[in-house]
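I have placed the structure first, in the form of structure tokens, so that the comments after it can refer back to it.
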Amino acid sequence: MNCDIHLSEKLGVYADEVRRGLGIEIVPPCVNRSESGFAVSEGKLVYALGALKNVGLEATRLVTKARGDKPFVNVFDFARRVDLRQFGKRSLEMLVRSGALDELDRNRRRVLESLDALVAYSAAVFDQSNSDQRSLFGDAGEDLPEPRLASVDDWLPDERLEEEQAAIGFYLSGHPLDDYALALKLKGMLTLAELREKAERDDGAVGRVGVIVSGLQERKSGRGTRFFRMNISDPTGQATGIALFPENFDEVRRVLESTSQVIMSLEARPHEGQFDPVGRSAVPIDGVVAAGASAGIDVLIDAPEAVASIASVLTRFKDDSSVKGRGPVRITAFSVQLPDGATQDVPVDIGEGWPVSPQIKGALKSLPGVLAVEDLAM
0 MNCDIHLSEK LGVYADEVRR GLGIEIVPPC VNRSESGFAV SEGKLVYALG ALKNVGLEAT
60 RLVTKARGDK PFVNVFDFAR RVDLRQFGKR SLEMLVRSGA LDELDRNRRR VLESLDALVA
120 YSAAVFDQSN SDQRSLFGDA GEDLPEPRLA SVDDWLPDER LEEEQAAIGF YLSGHPLDDY
180 ALALKLKGML TLAELREKAE RDDGAVGRVG VIVSGLQERK SGRGTRFFRM NISDPTGQAT
240 GIALFPENFD EVRRVLESTS QVIMSLEARP HEGQFDPVGR SAVPIDGVVA AGASAGIDVL
300 IDAPEAVASI ASVLTRFKDD SSVKGRGPVR ITAFSVQLPD GATQDVPVDI GEGWPVSPQI
360 KGALKSLPGV LAVEDLAM
């Protein structure tokens with residue numbers, strides 16, 4: 000992997016083989032654990048900082064040299080020990096988006112929107128150090144006030160994954176379709192791994208798979224047939240450079256222009272150990288999952304503060320036409336203490352017509368104070 004450290008498409012294929020083929024865990028990029036190149040630690044593959052997009056090896060060496068044997072404590076400590084001016088803002092953005100600073104501050108959006116302040120703080124610290132000024136109480140910079148970080152909510156799970164994919168080149172810590180796995184299985188869909196296993200076992204297979212499309216291109220064959228070339232992935236793996244030959248090209252183009260999450264009909268045949276399926280059709284995933292899906296959801300909470308966050312997520316997606324699943328939502332406060340000392344769950348119905356797709360369920364589950372998101376019993 001170090002030989003192809005700047006080829007993210009190849010790294011995605013290698014990462015699949017490492018995790019699923021060899022059963023080796025991959026540690027996501029981390030400024031406290033990663034080196035410039037790929038490394039092995041305690042039987043795990045530690046992702047390389049130098050493999051992130053727009054992050055050069057020289058920049059990553061600034062991090063590893065400053066870290067030494069002493070992990071960074073928080074983003075301010077990081078800014079005091081690494082001259083962020085030398086690192087460059089674009090490279091810093093990739094660190095944040097990839098999750099490499101999560102051990103220092105888990106709110107990636109807050110750190111990203113505070114980079115200008117952190118770079119200015121770092122510059123002041125190093126300017127003070129270079130001018131041989133020192134605090135009466137310690138090293139350079141310790142007497143400088145730490146900047147105020149942006150007061151913003153973190154990205155939702157899907158947004159975090161998209162930002163991560165932009166920095167790494169593929170989905171590493173999770174996949175946008177993780178929350179769809181059960182719904183797709185109930186609809187009789189295969190995973191890419193299942194399609195591959197079936198093709199190898201039966202010398203060919205056909206199936207419908209929920210996938211994320213990336214790198215979409217329109218092409219023409221030598222005979223003038225229009226088709227698409229793309230990469231596809233799901234939580235179990237990926238296939239790069241596959242061809243899609245739909246009967247209704249213009250209709251499928253509209254689908255692929257409107258969403259990257261689709262149900263694709265695929266044909267696969269084993270060829271010299273390679274998995275190279277061919278697509279025949281594609282439809283939006285939410286339309287398929289919404290048909291016959293749960294009529295509503297019950298959000299279980301153990302903290303009153305969670306209500307505002309739940310309302311924010313639901314309101315944000317209420318008018319989003321791409322979210323097909325709609326229904327009633329109930330918020331249930333778990334084990335509320337009554338005046339007599341007893342405890343009781345207190346349900347509150349907040350109305351009909353709210354978005355209740357798997358994506359929304361996943362977003363709600365990630366909120367602080369939310370214990371679970373369950374289907375409403377009808």
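Here the sequence shown is numbered in numbering that gives the first Met the number 0, starting from 0 and rising by one per residue.
A virtual CB, placed ideally from N, CA and C, is assigned to each residue, including glycine.
In this structure, residue 329 keeps its C-beta atom at 9 Å or more from the C-beta atom of residue 301. In this structure, the beta-carbon distance from residue 163 to residue 214 does not fall below 9 Å. The distance from the Cβ of residue 74 to that of residue 100 is about 7 Å, consistent with a contact at the 8 Å cut-off. Judged by DSSP in its simplified three-state form, residue 229 adopts strand. Straight across, the Cα-Cα distance linking residue 200 with residue 4 is about 34 Å.
The alpha-carbon separation between residue 253 and residue 320 amounts to approximately 15 Å. A check of alpha carbon separations from residue 280 across 303, 304, 242 identifies 242 as the nearest. Between the alpha carbons of residue 220 and residue 226 lies a gap of roughly 7 Å. Just measuring C-alpha positions, the residue of 21, 70, 191, 94 sitting nearest residue 56 is 94. Checking the DSSP bridge columns, you'll see residue 40 partnered with 43. By the 16-neighbour rule on beta-carbons within 10 angstroms, residue 1 is exposed. Distance from the Cα of residue 62 is smallest, within the candidate group 52, 82, 50, for 82. Closest in alpha carbon position to residue 17, among 232, 236, 209, is 236. Three or more Cβ pairs drawn from the stretch 298-317 and the stretch 365-377 lie within less than 8 Å of each other, which places the two stretches in contact. The Cβ-Cβ distance between residue 284 and residue 176 falls below 9 Å.
DSSP places residue 112 in the coil class of the three-state scheme, outside both helix and strand.
In the structure shown, residue 93 adopts helical secondary structure according to DSSP, grouped into three states. DSSP places residue 267 within a strand segment (E or B) once states are collapsed to three.
Secondary structure in the stretch 309-337: the beta strand (DSSP E) runs of 3 residues or longer, each lying completely within the stretch, are 328-336 in chain order.
In the assembly as shown, residue 204 is a buried residue. Its beta-carbon has 16 or more other beta-carbons within 10 Å. Taking each of 130, 104, 145 in turn and checking the Cα distance to residue 120, the smallest one comes out for 145.
Excluding residues up to 5 positions away in sequence, 153 lie with their Cβ nearer than 7 Å to the Cβ of residue 106 in the same chain. A straight-line Cα-Cα distance of about 25 Å links residue 130 and residue 91.
Boundaries of the alpha helix (DSSP H) harbouring residue 7: 7-15, taken from the DSSP string. The continuous beta strand (DSSP E) containing residue 238 extends over residues 236-243.
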